[in-house]
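If you're matching positions, the sequence shown starts at 1 in UniProt numbering and goes up one per residue.
Structure record follows, encoded as C-alpha cells.
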Amino acid sequence: MAKEIQPKDTARAAAYELWMKAPNPMVTFFKTLDVTNLVRISKKRHMKFNMLLDYCIGKAAVSVKEFYILPVGGKLLQYDTIAVNTIVKNQSGEVSSCDILYTDDLEAYNKEYLKYTSQVKDSCQDRDLSEDSMVIGTSAIIDTEIDGAVGMNSGIFNNPFIIWGKYRKKWFRYYLPLSFQFHHTQMDGAHAGRFLANLQEEIDKLK
1 MAKEIQPKDT ARAAAYELWM KAPNPMVTFF KTLDVTNLVR ISKKRHMKFN MLLDYCIGKA
61 AVSVKEFYIL PVGGKLLQYD TIAVNTIVKN QSGEVSSCDI LYTDDLEAYN KEYLKYTSQV
121 KDSCQDRDLS EDSMVIGTSA IIDTEIDGAV GMNSGIFNNP FIIWGKYRKK WFRYYLPLSF
181 QFHHTQMDGA HAGRFLANLQ EEIDKLK
C-alpha cells in the first residue's frame, strides 16, 4: 500500500524543496547494456526477452531504497512493493498498459506476466497497480533500433521510465541501448547510476 510521508522526515527533503516545483524535474540517462545472457536464456528456456528484462529491472530496483518513494500530486508517497509496467498491443491494434508485481521468483513472475498481458491484450483494458505499488514504466519499440528516448514531463506521471528498441548483435554479443528517466525528487544521479549498474549485474548472473 502507498502512504503519504513528510518530506522533511526523509533523505529526500532537500531534493523535494529543489525539484518538486521545477519546470522540468525529470532527468534522463542513456546506457548500453550487454544482454547476451538474456538472449541466450530466452532462446534456451523459451521465455520472452522483454519479460526477462522486466524481471531484471524489478530485481535491480528493489535494492535501491529510493525506488520506494515517489512524488505524486505534490505529495511524497512511500510504497511497500514495486511493479514493472509493460505495454501490450491489444486486439484492437492499439496499445494497453499492464503492471506486473515484481517477485523474486522468476517462474512465478513469468506466469504472472503471461497471464496478465494475455488478459490485457484480449480485454483492451489497462491493468493498473499504481495505488498499491511504485510502478516502473517501460516501453519497448522492438521494430526499430534506437539509441534512447526522452519522455515527456507532464507533471502527472512522475514514475521512473525505461525505453528501448531492438537489441543489436556485434560479433557474438548482443547489446541494447536504453534510456532511463526519473524524477529528481525521487532520486539523484548516483542512485540512478547504481540502479543501472545493478541492472547489468542482474542480467549477467540470471540463470
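Don't be surprised by glycine CBs; every beta carbon is placed ideally from N, CA and C.
Shortest Cα-Cα distance from residue 40 to any of 9, 50 and 32 involves 50. Pairing residue 20 with residue 79 gives a Cβ-Cβ distance that is not under 9 Å.
Residue 34 is a Cβ neighbour of residue 203, given a cutoff of 9 Å. Residue 47 has no beta-bridge partner at all, per DSSP. Under the three-state reduction of DSSP, residue 64 is assigned to coil, being neither helix nor strand. With contacts defined by Cβ atoms closer than 9 Å, residue 144 and residue 161 do not form a contacting pair. In this structure, DSSP gives residue 131 a state outside helix and strand, which the three-state scheme calls coil. Bounds of the beta strand (DSSP E) holding residue 175 are 173-183. Non-local beta-carbon contacts of residue 13 in its own chain, meaning distances under 7 Å to residues more than five positions away in sequence, involve 7 in chain order. In the DSSP annotation of this structure, residue 94 is not part of any alpha helix (DSSP H), being labelled neither H nor E. Bounds of the beta strand (DSSP E) holding residue 75 are 75-78.
The C-beta distance from residue 101 to residue 158 rounds to 20 Å, too long to meet the 8 Å contact threshold. Around the CB of residue 150, fewer than 16 other CB atoms lie within 10 Å, so the residue is classed as exposed. Per DSSP, residue 168 lies in no alpha helix (DSSP H); the unbroken beta strand (DSSP E) holding it starts and ends at 168-170. Per the C-alpha coordinates, the member of 59, 25, 179 and 207 positioned closest to residue 153 is 25.
Beta-bridge partners of residue 71 (DSSP): 76. Residue state for residue 106 is assigned as helix, using DSSP reduced to three classes.
Counting of Cβ neighbours within 10 angstroms places residue 66 among the buried residues, the total reaching 16 or more.
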